[in-house]
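Asker: Let me begin by handing over the structure; questions about it come next.
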Amino acid sequence: MSYILVDLNAATIDKSPDGDLTKRYEEMLKSFTSDKLELVGSDSICLMLALEDYKNSSRKEADLDEYMKYA
Numbered sequence: 488m489s490y491i492l493v494d495l496n497a498a499t500i501d502k503s504p505d506g507d508l509t510k511r512y513e514e515m516l517k518s519f520t521s522d523k524l525e526l527v528g529s530d531s532i533c534l535m536l537a538l539e540d541y542k543n544s545s546r547k548e549a550d551l552d553e554y555m556k557y558a
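To convert a position in the sequence shown, counted from 1, into the numbering used here, add 487.
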């Protein structure tokens, strides 16, 4: 697979009582931090900046929490 197209608003449509779609979306956001993936483009400045900050961090749990807060 060369590219993955992601709807960054997917979690906003989650109407399930357990928030399953939101949980899966958050796990996907965590996968963006992998060195094996490159964000080619996005209209989300927050995601781009959060990802850049995370990749320049020490990549500890607190750094991941900070990334998730802004991404």
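Just so you know, even glycine gets a beta-carbon here, dropped at the ideal spot from N, CA and C.
Within its chain, find whatever has a CB closer than 8 Å to the CB of D494; leave out the 5 residues flanking it on each side and keep chain order.
Answerer: In the sequence shown, the residue the question calls residue 494 occupies position 7. Cβ neighbours of D494 beyond the five flanking positions: none.
Asker: Please report the Cβ distance between D522 and T509, rounded to the nearest whole angstrom; I am assuming they are in contact, meaning their Cβ atoms lie under 8 Å.
Answerer: Translated into positions along the sequence shown, residue 522 becomes position 35. Translated into positions along the sequence shown, residue 509 becomes position 22. Going by Cβ atoms, the distance from D522 to T509 rounds to 26 Å, so no, they are not a contact pair.
Asker: Kindly give me the distance between the Cβ atoms of A497 and C533, rounded to whole angstroms, as I take these residues to be in contact under 8 Å.
Answerer: As a working mapping, residue 497 is identified with position 10 in the sequence shown. As a working mapping, residue 533 is identified with position 46 in the sequence shown. Their Cβ separation, rounded to whole angstroms, is 15 Å, which puts A497 and C533 out of contact at 8 Å.
Asker: Taking the alpha-carbon positions, what's the A549 to K556 distance?
Answerer: Along the sequence shown, read from residue 1 onward, the residue named residue 549 stands at position 62. Along the sequence shown, read from residue 1 onward, the residue named residue 556 stands at position 69. Roughly 11 Å separates the two Cα atoms.
Asker: Taking C-alpha atoms, which residue in V527, S544 and N543 lies nearest to Y490?
Answerer: By one-based count along the sequence shown, residue 490 stands at place 3. Nearest C-alpha to Y490: V527.
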